[in-house]
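Engineer: Start counting the sequence shown at -8; every next residue gets the next number (the working numbering). Every residue gets a Cβ at the ideal spot worked out from N, C-alpha and C, and that includes glycine. Quick caveat: nothing in here was measured; it's all calculated off a predicted structure. Please find one structure pasted underneath; my questions will follow.
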Amino acid sequence: MSKVLVLAEKPSVGRDLARVLRCNRKENGYFEGEKHIVTWALGHLVTLADPEVYDDKYKSWKLEDLPMLPSQLKLVVIKQSGKQFNTVKTQMTRKDVSEIVIATDAGREGELVARWIIEKAHINKPIKRLWISSVTDKAIQEGFSKLRPGKEYESLYASAVARAEVDWLVGINATRALTCKYNAQLSCGRVQTPTLAIIAAREEEIKTFKPKEYYGICATGSNHLKLIWQDKNTKNIRTFDKSVCEALLNTVRNKSAEVVEIDKSYKKKFSPQLYDLTELQRDGNRLFGFSPKETTSIMQRLYENYKVLTYPRTDSRYISTDIVDTLKDRVKACSVGPYSQIASEIFKKPIKGNSSFVDNNKVSDHHAIIPTEQMPMLSSMSDMERKIYDLVVKRFLAALYPPFEYEQITLKAKIGSEFFIATGKTIISQGWKAIYEHVNEEDEAKEDVVEQLLPKINRGDTISITNVVLTTGETKPPAPFNEGTLLSAMENPVKYMSNESESLKKTIGETGGLGTVATRADIIEKLFNSFLIEKNGKNIFITAKGKQLLALVPEELKSPALTAQWEQKLGYIAKGSLNKNIFINDMKKYAQVVVSEIKNSQDKFRHDNLTRTKCPECGKFMLEVNGKKGKMLVCQDRECGHRKNLSIITNARCSTCHKKLELRGEGEGQIFVCSCGFREKLSTFNERKKKESTKSSKSEVAKYMREQSKGNDGPFNSAMADALAKLQLK
-8 MSKVLVLAEK PSVGRDLARV LRCNRKENGY FEGEKHIVTW ALGHLVTLAD PEVYDDKYKS
52 WKLEDLPMLP SQLKLVVIKQ SGKQFNTVKT QMTRKDVSEI VIATDAGREG ELVARWIIEK
112 AHINKPIKRL WISSVTDKAI QEGFSKLRPG KEYESLYASA VARAEVDWLV GINATRALTC
172 KYNAQLSCGR VQTPTLAIIA AREEEIKTFK PKEYYGICAT GSNHLKLIWQ DKNTKNIRTF
232 DKSVCEALLN TVRNKSAEVV EIDKSYKKKF SPQLYDLTEL QRDGNRLFGF SPKETTSIMQ
292 RLYENYKVLT YPRTDSRYIS TDIVDTLKDR VKACSVGPYS QIASEIFKKP IKGNSSFVDN
352 NKVSDHHAII PTEQMPMLSS MSDMERKIYD LVVKRFLAAL YPPFEYEQIT LKAKIGSEFF
412 IATGKTIISQ GWKAIYEHVN EEDEAKEDVV EQLLPKINRG DTISITNVVL TTGETKPPAP
472 FNEGTLLSAM ENPVKYMSNE SESLKKTIGE TGGLGTVATR ADIIEKLFNS FLIEKNGKNI
532 FITAKGKQLL ALVPEELKSP ALTAQWEQKL GYIAKGSLNK NIFINDMKKY AQVVVSEIKN
592 SQDKFRHDNL TRTKCPECGK FMLEVNGKKG KMLVCQDREC GHRKNLSIIT NARCSTCHKK
652 LELRGEGEGQ IFVCSCGFRE KLSTFNERKK KESTKSSKSE VAKYMREQSK GNDGPFNSAM
712 ADALAKLQLK
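As structure tokens, this is what we get:
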């Protein structure tokens, strides 16, 4: 009897598939049943070969050997996962295996993982594709009932291959050229370099920003109503000309206001859109301080291990019409703990979809991140997992709630010949906002005119004015990037560009910006690990090394336009309208141009962070760098690579300002240091914490004893009481 070989991406998913397909016999690296064999990759098992595989001379990095342009790039088995590759290959080549089902992650990179394994193993058997957005038993069963022919995904595979090969050809050549030319560890790439350029542009914008003072007028009525002056021509409520406001003050002082207009309008606001990965990473960073990488890892566990959320690496914020029929089961599944009351309100009416979150045209490979039909075990989740799960569930349930309804009231009054306005809001129905405890959950934009509770007032009424004052403010520079706002910039880099044409900006917007939802977090981490950017508090800044790198790389590599054009062509390849070999050959020519530019450059690179500390491995002077988790010394010789931590950003908090403390030094000399100036030896810190802990314990004991005494009619006297009393006296 012939069998079907199912290839998953990770062991945990493989176990789930095996259970559903009743493959109960566990072997080394796979499960087997009557009809199926389930095995898995360990992420990637196969990758593109390193340069030295093509020629021994590439083992040494030399400028004269560049560019490296093999006629055809080779695949190699990753050394650390060779054992599992052999297991997969052995199962694929079995005579009783007649068909292969690709069950890796449903996306471009998942397709690459499986197809490279099949290609490297020289397998030529019929292929089918499992394409699912969650790994619940129900989703797996439905997915296997709707397997698609593998041929339908060959263009997607071609696009994935083109992406990988072009990144190799341009990235490795440019990185080696820069490193050899300037004898420093310098790396660049089509996504990381323009991302670095965006950070540099923001810093320059902040540096050159010149604040301007602006002015306005605020009148206060006897009923505490605040009226804000509005220019009768421009409708602006502020001006940069102080003399205008000063002149107006004289014309409105000691006068009453006449209400000339009251505008009431009914408005409703739908809930925020469902989450895609980038939006979830942004909120994870904004609300909890999670890095994009941390949020991705948490989401992966909630999807893969807990099976309570759908596929995380999606760029869609909508669901398709075929999901609407499953909404009831999904609401029922997450109707636990703090969500039970919220869900019960949804069940009072039929659950329907609407255009605010259901749109087939806005769903690409995967729909938005939503709960699955599997009930969660909230008690088994970590604090971080609960927080991310909470965000997704509330956003999902909010989409099924009625809109927020309110009446917007705008009052216009006249003082002398000048107009003043006030705005207010009367809530008709909280709708989806009832789900959230705080208004800023949905991140509403701040208004120039502050809304207030307006008194009952009618057109033609006169308001006695008790005070009129000149108000002032100052324009502020844009804020430095943090990991959340940097994700936004990568997603929409157009507004950070000035030199490109409008048509090119449109192309960049259509291709989804820099990187993909699956790669942006890794790009940010890579910039940190390469010491091209560093953190100060939550903010991100470019390092001196990063600034020099931008001065050394070819201009085109710094622009988001390049990666946008590449992504556009990769999209054409995925649709079958462009041959991947044409694109790859064009990129080989581009790699030659990049290497030539770097070779002929007259620029210089200088280490400005060189210390007098010698590397214990090679004896060269080391560089002091700010890593994401603290300061460290790094050997300047890229081939040596020795590193040593100088300080670590800890979770311990400063007793003065409550910021995270930095731990410096070694052994008994270790000391906590804070940016506010606070300093404390580690030994002193530990002793203080021990005393605080003991004091806290005694306080809890005393509280317990008081409560017990209140609950007894007679004197509280037991063995436990005696023991607790002794503890109090210590």
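Please specify which runs of the alpha helix (DSSP H), each continuous and at least 4 residues long, are wholly inside the stretch 216 to 301, giving them in chain order.
Structural biologist: Segments of the alpha helix (DSSP H) lying fully in the stretch 216 to 301: 233 to 243, 268 to 279, 283 to 295.
Engineer: Who are the Cβ neighbours of A112 in its own chain at under 6 Å, not counting the five residues just before and after it?
Structural biologist: K80, M83.
Engineer: Distance check for A192 and K198, CA to CA, integer angstroms please.
Structural biologist: So the alpha carbons of these two residues sit roughly 10 Å apart.
Engineer: Give every residue of the same chain whose Cβ lies closer than 7 Å to the Cβ of G328, excluding the five residues on either side of it in the sequence, and list them in chain order.
Structural biologist: Answer for G328: L369, listed in chain order.
Engineer: What residue from D222, I342, L(-4), F22 has the CA that sits closest to G114's CA?
Structural biologist: It is Ile, not Gly, that sits at residue 114 in the sequence shown. Ranking D222, I342, L(-4), F22 by Cα distance to I114 puts L(-4) first.
Engineer: Taking DSSP's pairing of strands, which residues face M613 in a bridge?
Structural biologist: In the DSSP output, where bridge partners are listed per residue, M613 has C626.
Engineer: Rounded to whole angstroms, how far is the Cβ of A210 from the Cβ of F411, which I believe are closer than 8 Å?
Structural biologist: Yes, they are in contact, since the Cβ atoms of A210 and F411 sit about 6 Å apart, within 8 Å.
Engineer: Give a yes or no on contact between the stretch 39 to 51 and the stretch 3 to 20, applying the rule of three or more CB pairs nearer than 8 Å.
Structural biologist: Cβ pair count under 8 Å is below three, so no.
Engineer: Tell me the residue span of the alpha helix (DSSP H) that contains W557.
Structural biologist: Start and end: 551 to 565.
Engineer: According to DSSP, is K437 helix, strand or coil?
Structural biologist: Model confidence at K437 stands at a pLDDT of 46, short of 50, so the residue's coordinates are unreliable and nothing is read from them.
Engineer: Tell me, please, which residues DSSP counts as bridged to F22.
Structural biologist: In the DSSP output, where bridge partners are listed per residue, F22 has K17, V29.
Engineer: When we look at the beta-carbon of S346 and count the other beta-carbons within 10 Å, is it buried (16 or more) or exposed?
Structural biologist: Exposed: under 16 other Cβ atoms inside 10 Å.
Engineer: Need the endpoints of the alpha helix (DSSP H) that S479 sits in, please.
Structural biologist: Its alpha helix (DSSP H) spans residues 474 to 482.
Engineer: Answer yes if the stretch 22 to 37 comes into contact with the stretch 319 to 327, meaning at least three C-beta pairs across the two stretches below 8 Å, and no otherwise.
Structural biologist: In short, these stretches do not touch, since the Cβ pair count stays below three.
Engineer: Between which two residues does the alpha helix (DSSP H) harbouring G101 extend?
Structural biologist: Per DSSP, G101 belongs to the alpha helix (DSSP H) from 99 to 111.
Engineer: My assumption, with CB atoms under 8 Å, is that P303 sits in contact with I360. Please give the rounded CB distance.
Structural biologist: Rounded, the Cβ-Cβ distance is 6 Å, consistent with contact.
Engineer: Relative to the C-alpha of K467, which candidate in A552, S288, P42, E204 has its C-alpha closest?
Structural biologist: The shortest Cα separation from K467 among A552, S288, P42, E204 belongs to E204.
Engineer: Can you name, in chain order, every residue of its own chain whose Cβ lies under 8 Å from the Cβ of R670, other than the five neighbours on each side?
Structural biologist: Same-chain partners within the cutoff: I662, F663, V664.
Engineer: What are the boundary residues of the alpha helix (DSSP H) that S89 is part of?
Structural biologist: Note, S89: premise wrong, no alpha helix (DSSP H); beta strand (DSSP E) at 88 to 94.
Engineer: In chain order, what residues of the same chain have a beta carbon less than 8 Å from the beta carbon of E465, not counting five sequence neighbours either side?
Structural biologist: Result list for E465: P202, K203, E204, Y205, in chain order.
Engineer: Between which two residues does the beta strand (DSSP E) holding C793 run?
Structural biologist: Within the shown structure, residues of the chain are numbered from -8 to 721, placing residue 793 beyond reach of any answer.
Engineer: Report the rounded CA-to-CA distance for I456 versus I208, giving the unit in angstroms.
Structural biologist: Cα to Cα, I456 sits roughly 13 Å from I208.
Engineer: For E195, does the three-state DSSP call read helix, strand or coil?
Structural biologist: Of the three classes helix, strand and coil, the one that applies to E195 here is helix, per DSSP.
Engineer: Could you give the distance in angstroms between the alpha-carbon of W159 and the alpha-carbon of Y21?
Structural biologist: Cα to Cα, W159 sits roughly 32 Å from Y21.
Engineer: Below 8 Å, how does it come out for the stretch 441 to 456 and the stretch 412 to 420: are there three or more Cβ pairs, yes or no?
Structural biologist: Yes: the two stretches touch, three or more of their Cβ pairs being nearer than 8 Å.
Engineer: Is the separation between the beta-carbon of S125 and that of T301 shorter than 7 Å?
Structural biologist: Taking 7 Å as the Cβ cut-off, S125 and T301 qualify as a contacting pair.
Engineer: Which term fits D87, buried or exposed, when burial requires 16 or more other beta carbons within 10 angstroms of its beta carbon?
Structural biologist: Result: exposed.
Engineer: What separation, rounded to the nearest whole angstrom, lies between the Cα atoms of K536 and H598?
Structural biologist: Distance between the alpha carbons of K536 and H598: 8 Å.
Engineer: Measuring alpha carbon to alpha carbon, tell me which residue in A565, N527, P367 is nearest K651.
Structural biologist: Of A565, N527, P367, the residue nearest in Cα terms is N527.
Engineer: Where D434 and Y427 are concerned, what is the direct C-alpha to C-alpha distance, given to the nearest angstrom?
Structural biologist: Low confidence applies here, because D434 scores a pLDDT of 44, under 50, leaving its location unreliable; read the following figure in that light. Roughly 12 Å between the two C-alpha positions.
Engineer: Going by C-alpha distance, which of I337, T462, M578, A555 is nearest T507?
Structural biologist: Per the Cα distances, A555.
Engineer: Between Y266 and R292, which are expected to be in contact by the criterion C-beta below 8 Å, what is the C-beta distance as a whole number of angstroms?
Structural biologist: Y266 to R292, Cβ: 16 Å. No contact.
Engineer: When you compare the stretch 329 to 341 with the stretch 239 to 249, are there three or more beta-carbon pairs, one atom per stretch, that lie closer than 8 Å?
Structural biologist: These segments do not touch.
Engineer: In the DSSP assignment, find the alpha helix (DSSP H) that holds V585 and state where it starts and stops.
Structural biologist: That run of the alpha helix (DSSP H) goes 571 to 590.
Engineer: Please list, in chain order, all residues of the same chain as T78 whose beta carbon is under 8 Å from its beta carbon, the five residues on each side excluded.
Structural biologist: If we look at T78 and ignore the five residues flanking it on each side, its Cβ neighbours are N19, G20, Y21, T30.
Engineer: Quick one: Cα of V430 to Cα of E23, how far?
Structural biologist: Because V430 carries a pLDDT of 45, less than 50, the predicted location of this residue cannot be relied on, and the following value inherits that uncertainty. Cα to Cα, V430 sits roughly 53 Å from E23.
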